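First comes the structure, then the notes that go with it.
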Amino acid sequence: MTDDQDREPERARLALEKKRERYVWYYLGYFLFGIHVVAFVMIYAVRHAK
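Start counting the sequence shown at 251; every next residue gets the next number (my numbering).
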């Protein structure tokens, strides 16, 4: 029983770390997507400038 109690804080820490890592990947994905949208808009603006 004490072995389970000793591992509980580490399990909670690992779960929290996994959740935070998932959020980091989401932020990275949205950031890269946004960069590409901005780049395509800039390319469009340059190609269609008079």
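For glycine and all other residues, C-beta sits at the position ideal for the given N, C-alpha and C. Source: prediction; values computed, not measured.
Could you give the distance in angstroms between the alpha-carbon of residue i and the alpha-carbon of residue j?
i, j, result
"arginine 233", "alanine 265", "Residue 233 is absent from the model: the chain starts at 251 and stops at 300."
"glycine 284", "alanine 262", "33 Å"
"tyrosine 280", "valine 288", "12 Å"
"tryptophan 275", "proline 259", "25 Å"
Please state whether DSSP places residue i in a helix, a strand or coil.
i, result
"alanine 268", "In the sequence under discussion, the amino acid at residue 268 is lysine, which differs from the alanine named in the question. Here lysine 268 sits in helix by DSSP."
"histidine 298", "coil"
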